[in-house]
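Just so you know, the protein sequences line up as chains A and B, in that order.
Sequential numbering of the first sequence, starting at 1, is according to our numbering.
Sequential numbering of the second sequence, starting at 1001, is according to our numbering.
Everything on this sheet refers to the single structure shown next.
Number of protein chains: 2
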Amino acid sequence: MANLKYSRQRAAIKEYLCHTTEHPTADTVYLHIRETYPNISLGTVYRNLNLLADTGEAIKISTPDGGDRFDGRTDLHYHVICRECGRVFDLELDERHIRSINSLAGQHFEGTVDSHTILFYGTCKNCLDKNPKMR
Amino acid sequence: MANLKYSRQRAAIKEYLCHTTEHPTADTVYLHIRETYPNISLGTVYRNLNLLADTGEAIKISTPDGGDRFDGRTDLHYHVICRECGRVFDLELDERHIRSINSLAGQHFEGTVDSHTILFYGTCKNCLDKNPKMR
DNA sequence: TCCTAAATAATAATAGTTACTAAAATTATT
DNA sequence: AATAATTTTAGTAACTATTATTATTTAGGA
């Protein structure tokens, strides 16, 4: 897991992930990076996104529909997916709650539970404003 | 969403889902049903699994790796995926907790949160027994 | 500068899933 | 029970997301 060599493509991908909150898919990352490196290939994007996820510099979010999404924010937090627009938002709960969810789960499982992911579903502020009857 | 016509294939799929706790993938369902209906097609399995999920007679579980899994248990509950063997287990928390997770999330999100899915990660009893050093 | 390992672009291959279509099965109508 | 209308099916092709392959390029150390 060590022999990592610098690459401008990977640096650009990480840079992008750290400065966006839109939780892009690999394809979205590809389209964006291509503006700076017009002949980067999609495979390179996938490889580097997975590399960043492996080294803990990014998080891979599996959503039920569409491809996986990536997040440059690596502290423990959750995600809300808006049923209207499909966008993914960050949501933070304090660590006390996160830990209590794990231990609660452990009490109901004959085995060990060490982590979890939550995907919340709802409607984002933007969509509520456009569509007030949803409130 | 109404004009549903009976089919033995769909009935067999539902029957199978309701009597297994292994959270099979579409392919696993296919292999199983094929023992009774040797020329059922994979497309039929997918179509019916999605149909059952749409009508609320089954649940589709997205896992980060491998295909989606299906669950004939439709009451509110969660899942634990064993990092060792990859199997998916049911885990129930009482409704009080489930609701409190939603409302807690709602307080930290500028919008509404109405539901969520949790995927827990851990090690199942079976794998712990085989590999006691993991405890 | 030269060497070696790693990274790249381009492309092929794969996995999981959906779409299409003619034939078969189910349900409603006579 | 026969017929008609509509859904479902099997078989297959197509599609989307992702990973693997490979020859070439690049990074970084000797």
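A virtual CB, placed ideally from N, CA and C, is assigned to each residue, including glycine.
In this text, all values refer to a predicted model and were calculated from it rather than measured experimentally.
Check: Taking 8 angstroms as the CB-CB limit, is T1025(B) close to chain A?
Finding: Counting from 1 along the second sequence, the entry for residue 1025(B) is found at position 25. Not an interface residue.
Check: Taking the alpha carbon of R1008(B) as the point to measure from, which residue in V1045(B), H1023(B), L1093(B) and H1116(B) has its own alpha carbon closest?
Finding: Counted from its first residue, the second sequence places residue 1008(B) at position 8. Nearest to R1008(B) by C-alpha distance, out of V1045(B), H1023(B), L1093(B) and H1116(B), is V1045(B).
Item checked: Endpoints, the alpha helix (DSSP H) within which T28(A) is located -> Numbered from its first residue, the first sequence carries residue 28(A) at position 28. For T28(A), the enclosing alpha helix (DSSP H) starts and ends at A26 to I33.
Checklist line | Positions along the stretch 1106-1130 of chain B whose CB lies within less than 7 angstroms of some CB in chain A | finding: Those would be H1108, F1109, E1110, G1111, T1112, V1113, D1114, S1115, H1116, T1117, I1118, L1119, F1120, Y1121, G1122, T1123, C1124, K1125 and L1128, in chain order.
Check: Considering only the beta carbon of each residue, do F1070(B) and L1004(B) sit closer than 8 angstroms?
Finding: Start at 1 with the first residue of the second sequence, and residue 1070(B) comes out as number 70. Start at 1 with the first residue of the second sequence, and residue 1004(B) comes out as number 4. With respect to the 8 angstroms criterion, F1070(B) and L1004(B) are not classified as neighbours on the basis of their beta carbons.
Note to self: Quick check on the DSSP output: the beta strand (DSSP E) that includes R69(A) runs from which residue to which?
What the structure shows: The residue given as residue 69(A) occupies position 69 in the first sequence. Annotation: the continuous beta strand (DSSP E) that includes R69(A) extends over R69 to D71.
Check: Do N48(A) and I101(A) have their C-beta atoms closer together than 8 angstroms?
Finding: Numbered from its first residue, the first sequence carries residue 48(A) at position 48. Numbered from its first residue, the first sequence carries residue 101(A) at position 101. In this structure, N48(A) sits away from I101(A), with a CB-CB distance that is not shorter than 8 angstroms.
Note to self: Report the CB separation of S62(A) from S1062(B) in whole angstroms; it is logged as a contact under 8 angstroms.
What the structure shows: Residue mapping note: residue 62(A) aligns to position 62 of the first sequence, counting from 1. Residue mapping note: residue 1062(B) aligns to position 62 of the second sequence, counting from 1. Yes, S62(A) and S1062(B) are in contact; Cβ-Cβ is about 6 angstroms, under 8 angstroms.
Item checked: Enclosing alpha helix (DSSP H) for L119(A) [first to last residue] -> Here residue 119(A) corresponds to residue number 119 of the first sequence, with the count starting at 1. Per DSSP, L119(A) lies in no alpha helix (DSSP H); the unbroken beta strand (DSSP E) holding it starts and ends at G111 to C124.
Item checked: Residue range of the unbroken beta strand (DSSP E) whose run includes L91(A) -> In the first sequence, residue 91(A) corresponds to position 91, counting from 1. Unbroken beta strand (DSSP E) run through L91(A): V88 to L91.
Next item on the list: Could you confirm whether any beta carbon from chain A is found closer than 8 angstroms to the beta carbon of F1089(B)?
Entry: Here residue 1089(B) refers to the residue found at position 89 when the second sequence is read from its first residue. Yes, F1089(B) lies at the interface with chain A (some Cβ there is under 8 angstroms from its Cβ).
Item checked: P132(A) versus S1115(B): straight-line alpha-carbon distance, rounded -> By one-based count along the first sequence, residue 132(A) stands at place 132. By one-based count along the second sequence, residue 1115(B) stands at place 115. For P132(A) and S1115(B), the gap between their C-alpha atoms comes out near 20 angstroms.
Item checked: Cβ of E57(A) within 8 angstroms of any chain B Cβ -> Within the first sequence, the letter at position 57 stands for residue 57(A). Not closer than 8 angstroms to any Cβ of chain B, the Cβ of E57(A) fails to qualify, so no.
Checklist line | Residues that H1019(B) contacts on chain A, provided the C-beta gap is smaller than 8 angstroms | finding: Here residue 1019(B) refers to the residue found at position 19 when the second sequence is read from its first residue. In chain order: nothing, as chain A lies at least about 21 angstroms away.
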